[in-house]
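**Student:**
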Amino acid sequence: MIAEIKIPPILKIGGGAFATVAALIHRLRGKRPLIVTDPFLMKTQLAERLATQIRDAGLSCEIFHETVPDPTTAVVDAGVRRFVEGAHDSLVSLGGGSPIDTAKAIGMLAANGGRIRDYRVPHEIPLAGPPHLAIPTTAGTGSEVTRFTVITDVERGEKLLLAGDTLLPSAAVVDYELTLSMPARLTADTGTDSLTHAIEAFVSRKANPFTDALALSAMKTIWRELPTCFHDPGNVKAREAMMLAATQAGMAFSNASVALVHGMSRPLGAHFHIPHGLSNAMLLPAVTAFSAEASLERYAECARTMGVAQAQESDQAAVDRLTRALYERNAELQVPSPKQFGIVEERYFALISTMAAQALASGSPQNNPRIPTAEEIEFIYRQAWQ
Ligand code: NAD
11 MIAEIKIPPI
21 LKIGGGAFAT
31 VAALIHRLRG
41 KRPLIVTDPF
51 LMKTQLAERL
61 ATQIRDAGLS
71 CEIFHETVPD
81 PTTAVVDAGV
91 RRFVEGAHDS
101 LVSLGGGSPI
111 DTAKAIGMLA
121 ANGGRIRDYR
131 VPHEIPLAGP
141 PHLAIPTTAG
151 TGSEVTRFTV
161 ITDVERGEKL
171 LLAGDTLLPS
181 AAVVDYELTL
191 SMPARLTADT
201 GTDSLTHAIE
211 AFVSRKANPF
221 TDALALSAMK
231 TIWRELPTCF
241 HDPGNVKARE
251 AMMLAATQAG
261 MAFSNASVAL
271 VHGMSRPLGA
281 HFHIPHGLSN
291 AMLLPAVTAF
301 SAEASLERYA
311 ECARTMGVAQ
321 AQESDQAAVD
331 RLTRALYERN
341 AELQVPSPKQ
351 FGIVEERYFA
361 LISTMAAQAL
371 ASGSPQNNPR
381 IPTAEEIEFI
391 YRQAWQ
């Protein structure tokens with residue numbers, strides 16, 4: 011197997027890297043960037059600090075701060091208008107996965123025209139967008155290093171996955187200091203998203219030795235450090251390790267793909283507005299239990315790497331421990347079930363067959379070690395309810 015690996019050409023990783031943004035925009039030949047962020051980061055003044063840094067370097071910039079969690083086609087369209095009307099030549103995204111994904115989609119539509127749904131997987135994206143520098147403030151989606159964007163089509167109530175090398179940011183600034191303000195719930199959800207990326211990249215049918223190394227390193231760190239970040243948010247060492255691991259997990263899944271958890275998680279998010287990492291967490295233990303028989307060795311290696319099983323235990327015993335540990339970790343991180351999240355039972359069950367069809371249409375379940383039928387996906391949604 012020959013693996014092709016794509017990551018952004020420039021990564022600045024480490025505490026204080028935020029201060030290098032203006033110099034990086036110069037390197038990318040941007041003169042008039044549009045900053046894409048959200049109302050919270052506007053309120054905290056972080057977006058203004060960024061704009062000041064850019065203006066002090068002799069560049070001009072504007073801020074588009076209307077992004078929403080789980081970005082929508084409507085917000086992307088508004089962003090494209092702002093980008094074109096302001097004659098911008100580059101993008102700087104600041105925030106969690108939502109602003110970064112929004113900026114990717116703005117750049118993509120500015121270059122290619124048309125509508126987001128025209129480019130959903132498996133459609134190709136012909137033209138590269140303008141230079142895009144991504145600055146994550148969560149640890150995290152890994153979107154700063156991935157060739158994906160996920161946009162909710164408001165008319166159809168569906169989360170659309172777009173994939174292509176042209177969506178890769180031109181540069182990423184990965185500065186853990188920006189994550190210190192994350193509250194416990196956001197820390198847990200975004201951290202479990204990263205853990206899911208690492209595990210799914212490792213068991214994916216498209217895994218390769220390059221992504222394996224990143225995925226194993228990431229899952230080991232995330233498993234160890236996430237509870238510390240959750241219980242002790244000011245722990246700088248743990249935050250730093252989590253940030254690096256989230257980016258590594260992003261590189262791993264961008265080049266090996268995600269699988270069934272993500273395929274099933276997107277419809278849950280689209281229909282019930284569950285934060286992305288939280289819907290992953292709701293599904294990860296049940297999907298692991300379902301999938302493990304098809305890749306016992308790989309799941310056992312996850313268990314040993316994460317330290318939940320001993321080297322001398324059989325693969326089956328290690329996998330049993332892994333599934334149990336994932337349920338226990340959810341309890342520790344106070345992950346609710348869909349029922350506890352407050353979803354109306356009738357609506358949940360009425361949508362199960364639609365969600366299963368949407369999960370399969372996304373293509374992600376086909377990367378799973380055990381490729382599910384629609385009925386099996388429906389069964390897992392039912393299992394996850396309580
Ligand atoms: P988010 O960007 O939706 O942000 C959630 C909330 O956290 C927002 O209110 C935001 O203001 C706040 N926030 C962000 N940083 C903060 C900080 N440092 N301190 C306090 N609050 C902060 O959250 P997310 O989980 O990072 O992103 C989720 C989105 O990313 C989903 O739309 C998901 O589909 C997408 N995603 C994309 C990829 C990809 O490869 N493109 C991968 C995984 C997920």
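11 is the number of the first residue of the sequence shown in this note's numbering; add one for each residue after it.
Where is the CB? At the ideal position from N, CA and C, for every residue including glycine.
(1) Could you please give the first and the last residue of the uninterrupted beta strand (DSSP E) stretch that includes Gly105?
(2) Give, in chain order, every unbroken run of the beta strand (DSSP E) that is at least 3 residues long and sits entirely within the stretch 156-183.
(3) Report, in whole angstroms, the separation of the C-beta atoms of Leu336 and Pro382, which I expect to be a contact under 8 Å.
(4) Would you mind working out which of Ala228, Leu361 and Ala194 sits nearest Thr206, comparing C-alpha positions?
(5) If we ignore side chains and look at the alpha-carbon of each, how far apart do Gln258 and Gly152 end up?
(6) Output the distance between the C-alpha atoms of Gly373 and Leu60, rounded to the nearest integer angstrom.
(7) Assign His283 to buried or exposed, taking buried as 16 or more other Cβ atoms, counted over all protein chains shown, within 10 Å of its Cβ.
(8) Is His142 near the ligand NAD, judged by its Cβ being under 8 Å from some heavy atom?
(9) Can you tell me whether DSSP reads Ala360 as helix, strand or coil?
(10) Confirm, please, whether the CB-CB distance from Thr148 to Leu196 is below 9 Å.
(11) Of the choices Glu388, Thr364, Glu311 and His36, whose alpha-carbon is the least far from that of His142?
(12) Entirely within the stretch 222-297 and at least 4 residues each: give me those alpha helix (DSSP H) ranges in chain order.
(13) Identify whether Thr82 lies in helix, strand or coil by the three-state DSSP scheme.
(14) Measuring straight from C-alpha to C-alpha, what distance separates Phe28 and Asp330?
(15) For a quick check, are the C-beta atoms of Ala115 and Pro81 less than 9 Å apart?
(16) In its own chain, which residues sit with a C-beta less than 8 Å from the C-beta of Ile422, not counting the 5 before and 5 after it?
(17) How would you write the range of the alpha helix (DSSP H) that His142 sits in, first residue to last?
(18) Using DSSP with H/G/I as helix, E/B as strand and the rest coil, what is Leu69?
(19) Which same chain residues end up closer than 8 Å to Ala182 when comparing Cβ atoms and leaving out the 5 residues on each side of it in sequence?
(20) What is the DSSP secondary structure of Val46, reduced to helix, strand or coil?
(21) Buried or exposed: Val164, going by 16 or more other Cβ atoms within 10 Å of its Cβ?
(22) For Lys114, which three-state DSSP category applies?
(23) If you follow the beta strand (DSSP E) that Leu21 is part of, which residue opens it and which one closes it?
(24) Nearer than 8 Å: is that true of the beta carbon of Asp325 relative to any heavy atom of the ligand ATP?
(25) How would you call Met11, buried or exposed, if buried means at least 16 neighbouring beta carbons within 10 angstroms?
(26) Within 10 Å of its beta-carbon, does Gly174 have 16 or more other beta-carbons around it, so buried, or fewer, so exposed?
(27) The alpha helix (DSSP H) with Met11 in it runs from where to where?
(28) Is it buried or exposed, Ile15, if we count other Cβ atoms within 10 angstroms and call 16 or more buried?
(29) From the DSSP output, which residues share a beta bridge with Phe74?
(30) If you run the structure through DSSP and keep just helix, strand and coil, what is Ile126?
(31) Apply the 10 Å Cβ neighbour rule to Leu119 and answer buried if 16 or more other Cβ atoms are within range, or exposed otherwise.
(32) In chain order, what residues of the same chain lie with their CB nearer than 6 Å to the CB of Pro79, ignoring the 5 residues before and after it?
(33) Starting from the Cα of Val213, find the closest Cα among Met252, Asn378 and Ala113 and give me that residue.
(34) Using CA atoms only, rank isn't needed, just tell me which of Ile110, Ala97 and Ser301 is closest to Lys41.
(35) Check whether the stretch 48-56 touches the stretch 248-256, counting contact only when three or more Cβ pairs, one atom from each stretch, lie closer than 8 Å.
**Tutor:** The short version:
(1) Ser100 to Gly105
(2) If we require 3 residues or more, the beta strand (DSSP E) runs fully inside the stretch 156-183 come out as 158-163 and 168-173.
(3) About 18 Å separates the two Cβ atoms, so there is no contact after all.
(4) Ala228
(5) 8 Å
(6) 37 Å
(7) exposed
(8) no
(9) helix
(10) yes
(11) In this structure, His36 is the residue among Glu388, Thr364, Glu311 and His36 with its C-alpha nearest to the C-alpha of His142.
(12) 246-266 and 270-282
(13) strand
(14) 42 Å
(15) yes
(16) Residue 422 is absent from the model: the chain starts at 11 and stops at 396.
(17) Not the alpha helix (DSSP H): His142 falls in the beta strand (DSSP E), residues His142 to Pro146.
(18) coil
(19) Pro18, Ile20, Leu21, Lys22, Leu143, Ala144, Ile145, Pro146, Glu154, Val155 and Thr257
(20) strand
(21) exposed
(22) helix
(23) Ile20 to Ile23
(24) Although the ligand ATP was asked about, the structure shown includes only the ligand NAD as ligands.
(25) exposed
(26) buried
(27) Premise fails: Met11 is in no alpha helix (DSSP H) and is neither H nor E.
(28) Its Cβ having fewer than 16 others within 10 Å, Ile15 is exposed.
(29) Val46
(30) helix
(31) buried
(32) The beta carbon of Pro79 lies closer than 6 Å to those of Ser108 in the same chain, with the five residues before and after it left out.
(33) Asn378
(34) Closest by alpha carbon: Ala97.
(35) Segments in contact, no.
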